[in-house]
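A short worksheet on the structure shown next.
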Amino acid sequence: MRYLKLPLHLCLFLAAVCGTQALAAPAQDDFSAVAQDVGPFASAIVFNAADRSFSQPLSVTVGELSMRVEFAEHQPCPSHGLLEWEEQATLSRSGGLCKVATLVASAPGHPDFRQVIAALGGGGKGTLSDLNLSFYYLEQGAVLPQVLLSGFTGGTHCCLVSAIVGAGDAGQWYAVQLPKQNGFGPPSVVDVAHDGGRQFIFPDKRFDAVFASYDFSVGPDVIYEYAQGKLNVITRQPRFRPYMELSVRVLPTEEDVPAPRSREVNGYLAGYVATSANAGQLQAGWHSMLARYNPQSPYLLKWCTLDKSAWGKGRTACPAPYVRTVPYPQQLALFLLQTGYITHAQCVALGYDPEKIQHEQDAIRAATTAHWHATHNG
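In mature numbering (1 follows the signal peptide of the UniProt record, and there is no 0), the protein residues as written are -24 to -1, 1 to 354.
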């Protein structure tokens, strides 16, 4: 079972409301920091492969916005659509025929919008096993609502795909894809700061299988907000600091947190340190990591002290005697810098100057390679 399978904001909600043993309940003062779920004001199941009653064309009018989903049988399988994932292109290249869903929308002052959503089927191999529509006012003060499309692709570790379609102020239409996520069902819309805003919270999938296996990788929460056709990352806004601080406190209470020095603990620690950085608690999170990380993890990066010119004809991998392991704290610091969780100055303050590290590795590689050539040329 994947560790932290739920988005963290749902874990925080469960901890606050249920107080289960698996999720320690936040203190009473923390309830204002728990993201509040916001339900759609209208929603519909358009297609479900397991229930034919949900496999009919649908027409919905909300105020002055009209949406229609049309089905067409025996159509060329689309290579892309409003909902996209990798297997679509493979299915399209096969030359087969599919049941294709298309979204048609209309609103005053806008040209009609028409675009393929995806192929429908049983999930997997480039088709969706379900398709859902939810209507929200994602922008404060918006005259017209937005529609949130979502569907389940099937497949290993995956995949909820979703997109927002909305009408712009200047007569244009916007279609914006949300990050792919694990699980199924429409993605949650939340009000993180309890200020009437509408946000999405998704784990950062860039952390998947980097420091631990996929099942034990922990991605820190990323907060998104939709505005005029763009999905903006707003995680670091000051109004979300209480949520991030609560996240730091709740993460260690999660069920199945790997034990210190265990094989998978580095994946959890990467997410914990990144969350600590988002909460303005980088140093505390870093020191906690130093006391718990596994220095022998099989997921540690390697680098080669011998230049490729000396590897030998036909070799595609560094000769074993010249392989060196990157220490986990160094790998983590540079990764957090690369992904934007810490600044260059913070990385240096942790003891890892990227330019200095690169310079030292280059010097070692040059010296090792020179010695190799000196001892192998005669």
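Cβ coordinates follow ideal geometry from the N, Cα and C atoms, glycine included.
Since this is a predicted model, take the numbers as computed values, not measurements.
Short Cβ contact (8 Å threshold) for residue i with residue j
i: residue 152; j: residue 206; result: yes
i: residue 189; j: residue 240; result: yes
i: residue 22; j: residue 38; result: no
i: residue 215; j: residue 185; result: no
i: residue 158; j: residue 124; result: no
i: residue 282; j: residue 344; result: yes
i: residue 9; j: residue 177; result: no
i: residue 172; j: residue 116; result: yes
i: residue 40; j: residue 83; result: yes
i: residue 101; j: residue 60; result: no
i: residue 194; j: residue 243; result: yes
i: residue 54; j: residue 92; result: yes
i: residue 202; j: residue 140; result: yes
i: residue 219; j: residue 245; result: no
Buried versus exposed, by CB contacts within 10 Å (16 or more), residue i
i: residue 357; result: With the chain running from -24 to 354 in the structure shown, residue 357 is simply not present.
i: residue -9; result: Model confidence at residue -9 stands at a pLDDT of 41, short of 50, so the residue's coordinates are unreliable; what they give is reported in the following sentence. It is buried - the Cβ of residue -9 has at least 16 other Cβ atoms within 10 Å.
i: residue 2; result: In this prediction, residue 2 scores a pLDDT of 48, lower than 50, which makes its location untrustworthy; no coordinate-derived value is stated.
i: residue 299; result: exposed
i: residue 162; result: buried
i: residue 69; result: exposed
i: residue 341; result: buried
i: residue 353; result: exposed
i: residue 73; result: exposed
i: residue 17; result: exposed
i: residue 129; result: buried
i: residue -22; result: With a pLDDT of only 30 at residue -22, under the threshold of 50, the placement of this residue in the model should not be trusted, and no figure is reported.
i: residue 350; result: exposed
i: residue 196; result: buried
i: residue 4; result: With a pLDDT of 47 at residue 4, under the threshold of 50, the modelled position of this residue cannot be trusted, and the question is left open.
i: residue 13; result: exposed
i: residue 208; result: exposed
i: residue 347; result: exposed
i: residue 57; result: buried
i: residue 126; result: buried
i: residue 143; result: buried
i: residue 66; result: exposed
i: residue 175; result: buried
i: residue 106; result: buried
Distance between beta carbons of residue j and residue i, contact taken as under 8 Å
i: residue 114; j: residue 103; result: The Cβ separation is near 28 Å, so there is no contact.
i: residue 312; j: residue 255; result: Not really, about 14 Å apart at Cβ, beyond 8 Å.
i: residue 251; j: residue 233; result: Going by Cβ atoms, the distance from residue 251 to residue 233 rounds to 13 Å, so no, they are not a contact pair.
i: residue 248; j: residue 227; result: 5 Å
i: residue 271; j: residue 303; result: 7 Å
i: residue 236; j: residue 266; result: Actually they do not touch by this definition, with Cβ atoms about 11 Å apart.
i: residue 262; j: residue 326; result: 6 Å
First through last residue of the alpha helix (DSSP H) which encompasses residue i
i: residue 312; result: 304 to 314
i: residue 68; result: 63 to 69
i: residue 337; result: 330 to 352
i: residue 322; result: 320 to 325
i: residue 208; result: Looking at the DSSP string, residue 208 is not in any alpha helix (DSSP H); the run it does join, the beta strand (DSSP E), is 206 to 209.
i: residue 158; result: Counting along the chain, residue 158 falls outside any alpha helix (DSSP H), and DSSP gives it neither H nor E.
i: residue 12; result: Unbroken run through residue 12 is the beta strand (DSSP E), 12 to 14; no alpha helix (DSSP H).
i: residue 186; result: Taken as a continuous stretch (DSSP letters only), residue 186 belongs to no alpha helix (DSSP H), as it is neither H nor E.
i: residue 225; result: 217 to 226
i: residue 263; result: 258 to 266
Continuous beta strand (DSSP E) stretch holding residue i: start and end
i: residue 194; result: Counting along the chain, residue 194 falls outside any beta strand (DSSP E), and DSSP gives it neither H nor E.
i: residue 34; result: 34 to 38
i: residue 136; result: 136 to 143
i: residue 105; result: Neither: residue 105 is in no beta strand (DSSP E) and is coded neither H nor E.
i: residue 18; result: 18 to 24
Beta-ladder partner(s) of residue i, from DSSP
i: residue 74; result: 51
i: residue 112; result: 122
i: residue 300; result: 279
i: residue 236; result: None, per the DSSP bridge assignment.
i: residue 242; result: Beta-bridge pairing links residue 242 to no other residue.
i: residue 43; result: 36 and 81
i: residue 148; result: Beta-bridge pairing links residue 148 to no other residue.
i: residue 175; result: 166
i: residue 92; result: 78
i: residue 203; result: 206
i: residue 127; result: 107 and 137
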